[in-house]
Every structure is written in C-alpha cells, then in structure tokens.
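Residue numbers (my numbering): 8 to 439. Here a beta-carbon is modelled for each residue, glycine too, at the ideal position from N, C-alpha and C. What follows is a set of notes on a single structure, which appears directly below.
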C-alpha cells in the first residue's frame, strides 16, 4: 500500500495519471458516487499493474490536497467488507484491491484503493446505473486520457486482449520451467564493449537533471538483452517498447515517462529526464536501439526529509534504505522480464551499481523492521552483475528482483533470509 508521502507525491503533480485517479468526497451509500468509484476500480483492474483510486480530494485541484472525507464518509469507506460488497455488485469477476485510510499533511483524511490487475479475465460491468455505468461494458484507462471510460477504440481493446494473453503465456512458461521442459542457457554475457560504448554515448549528452542526480547517492543500472545486436529495435519503435515494458507496482512508474515533457530523441536512443520540481523524485533514463535500458535514479534517502530515512550512527555520511533497494530492484526485474518478453524471450543481463556510497549506513527505512547492527560501507560504488535466462526471469521476476537486492544488501554486510525479503516486498506490493 502507498504511504501518505507517496500519495502526496502523486497529488502534488496536480493531475491524474493513467494509474492514479482521484474522486472528491462522497458517501458509500450514495449510489451514483459508488458507481463512479466502481467504474474507476474496474478500469484500474483492467490496466497492467493495476492502479490507485484516491477518495476525498477535489479532482479539480489535486495539489491542494483538500478537502478530505468527513467523519461519516471516512467511516463508511474504511469498512473493507462493505466497500468490497458495494464494488462487487457492479463487476464480474470481482475486483481485488486493498484499502487504506490515510491522513495527509494538510490534515485531510482520504481512503486509497490499491487495485490489482485482473487475474485471468478482464473485469466486465455487471449492471447499468444511470449514465455512469453500462452493463456489459469494459472500462479502461486509455493512453493519453487520465479517465475511466468504456473501451473507446480497437487499439485499446487490442491492448486489453494482449494483456490477458501475455499473462497466460507467462504463466505457461512458468509451468514449463517448473517441470524442467524449458532449457536454460549458460552462455556468458556478450557484447560488453559495445554495450559500454553505447551507454557512454547515451550519458554523454549534457543534462542539468543528470548532473543533479549524479551528485546524490543514486542507482546507476543497465539492463541488457543478450547477445548485443545493434539496431535490434527501430528508432521509431522505442517509445512503444518502453511504454509496453513500464512497471507500475507502487503507483510511481519505472521508468517515469512524463506526458507533459517531450522525449529526448537522438539517432541511437530515446530518453527523458525527470526533475524533482514538485515531488522528491529525480531520475534519467535512456532506451537504445540495441534495446539496452539505462537508468539513473536518486535514492529516496537523499530526496526525502524523514526521520525514518536518516542514519542513526555518528559519522555516517548518509543512509540507504533497504526498502528502496528491494522494491526498486523488484520493479527493475519485472521491467527486464517485460523487455525480454517483448523481444521474443532473450536472456537479460542486469548491471546494478549504487554510487556515492562511501560512509553510508544501510537502514531499514521502516520503523516496523529495524536493523540493529552497524551496516556501513567504505566503498564509493557497490556493484553487482547478474544474467538471467528468459525462462526464469519471465516466469518469476519477483524472485529475480529479490536475488538482485540480496546481492546489493550483502555488500553492506546485511544477510537476510530470502524469504524475509520476499515477505517484505509482498507486504508492500500485494497487501492484504
């Protein structure tokens, strides 16, 4: 579930996104309002990775983070059983979501519904309601239109059908791999020199945002399909490829693609630089015609002012939060799995680096999961490289992400059981 700070980050943008919808205050017992919420829930459930529906904020003035729910509204929308029953009356199959009442820094109370992507078949509207819902309709979140509406075009219908097909194919690959019917490749990574040169050229373009990111503690990653193939993806297809592979497990996508800012386009790659103007996120990404993906992203501990994200050992130069490493690398592994899938099932190599680390302390970042030893590193850079066969990556990207995170955390001296990290990411990404 998102934290109040994460919800405020999304509201501070001042606009809804494909995976974030806002509804003003209203009662669960108001059938028209409930129907509008149900429409949003169905649309989010029909979106890859699902999305968030925030109740209680004026949808014409998101950044005000007001007015909030009244006590009666908050009580009604905080009752999960009643909310689940009310939404289920409108959709088949029933939507899966977690529910979280939150208090924002403005004092406003909201309820956030964290809606999960459909499991097997898309959600279909079960009943009519005025001009809000139509029985038999499929509600979606169209690209470029941050609103919930019935499928407006053949393109949106195709995307929904492809999502259902992809889910079945990935599940089938997982079953084949589990019983040993799919072989794995042990070939070493290839094209290291070519990939390194391509990355250097992509990052060589001057950028104020990039300069800001590299002065902070930051992730510096490369996700590389094997083997290297120059021109694997046509330049005009790169935007669609990054869109199809983008991951939205926590509301904030990996990578972040802004619809308000233009993409950077060169002869060999596209990319975007995201400034921390309104929200504490700073990153830059590049997708090359070889399909190499490059991402530099500032650590949460360097951008957020929170007591939970500060070192508690004298002399530490800064902090790195376990959850920041774990959740980002789980998301990155899923991005790599989608990239591999879109490219026809190729092996992927992940080059993970944390830079600006000298003297930093590894902290939990979550007071419910404190660390009780001194986990500091004297190294300026912590690096790990790992190659995944397409089968294992596509079948279980969460396990791959945990492996990547475990490798980085061990460089700080922390050695947690894999199951602890699996449970941690599951609690955040699949609450309830």
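C-beta contact flag for residue i and residue j at 8 Å
i, j, result
"residue 283", "residue 311", "no"
"residue 150", "residue 25", "yes"
"residue 48", "residue 104", "yes"
"residue 83", "residue 34", "yes"
"residue 148", "residue 256", "no"
"residue 290", "residue 220", "yes"
"residue 213", "residue 355", "no"
"residue 239", "residue 298", "yes"
"residue 145", "residue 167", "yes"
One or two residues paired with residue i in a DSSP bridge
i, result
"residue 390", "360"
"residue 231", "356"
"residue 30", "62"
"residue 369", "327"
"residue 24", "27"
"residue 332", "Paired residues: none, contrary to the question."
"residue 74", "64"
"residue 383", "368"
"residue 254", "261"
"residue 395", "355"
Cβ shell of residue i (< 6 Å), same chain only, five flanking positions each side left out
i, result
"residue 164", "158"
"residue 65", "31"
"residue 198", "234 and 235"
"residue 407", "340, 395 and 400"
Cα-Cα separation between residue i and residue j, rounded to whole angstroms
i, j, result
"residue 45", "residue 56", "18 Å"
"residue 68", "residue 114", "16 Å"
"residue 129", "residue 142", "14 Å"
"residue 2", "residue 278", "For the chain, the structure presents residues 8 to 439; residue 2 sits outside this window and is missing."
"residue 229", "residue 300", "6 Å"
"residue 341", "residue 402", "10 Å"
"residue 92", "residue 172", "29 Å"
"residue 250", "residue 226", "21 Å"
"residue 222", "residue 95", "49 Å"
"residue 427", "residue 434", "11 Å"
"residue 161", "residue 138", "22 Å"
"residue 175", "residue 78", "43 Å"
"residue 215", "residue 262", "18 Å"
"residue 170", "residue 244", "19 Å"
"residue 436", "residue 370", "20 Å"
8 Å CB neighbourhood of residue i in its chain, flanking five on each side removed
i, result
"residue 85", "106, 108 and 118"
"residue 367", "224, 318, 323, 324, 325, 326, 327, 383 and 384"
"residue 99", "130, 131 and 133"
"residue 419", "327, 369, 382, 383, 384 and 389"
Close beta carbons around residue i, own chain, < 7 Å, minus the five adjacent residues each side
i, result
"residue 258", "9, 13, 17, 26, 27 and 59"
"residue 332", "412, 415 and 416"
"residue 276", "209, 293, 294, 295 and 296"
"residue 125", "52 and 53"
"residue 374", "315"
Cβ-heavy atom distance, residue i to the ligand COA, below 7 Å
i, result
"residue 260", "With respect to small molecules bound, the structure shown includes none, and the ligand COA cannot be examined in it."
Exercise. Quick one: complete beta strand (DSSP E) runs, 3+ long, within the segment 92–171?
Worked result: Taking only runs of at least 3 residues, the beta strand (DSSP E) segments lying wholly in the segment 92–171 are 104–110 and 116–122.
Problem set entry | Continuous beta strand (DSSP E) assignments of at least 3 residues falling wholly in the segment 259–307 | When DSSP assignments are scanned along the segment 259–307, the uninterrupted stretches of beta strand (DSSP E) that are 3 or more residues long and fall wholly within it turn out to be 276–281, 290–295 and 300–305.
For this session: At 4 residues or longer, and completely inside the segment 197–231: list those alpha helix (DSSP H) runs for me, N to C.
Result: DSSP runs (the alpha helix (DSSP H)) wholly in the segment 197–231: 199–210 and 215–221.
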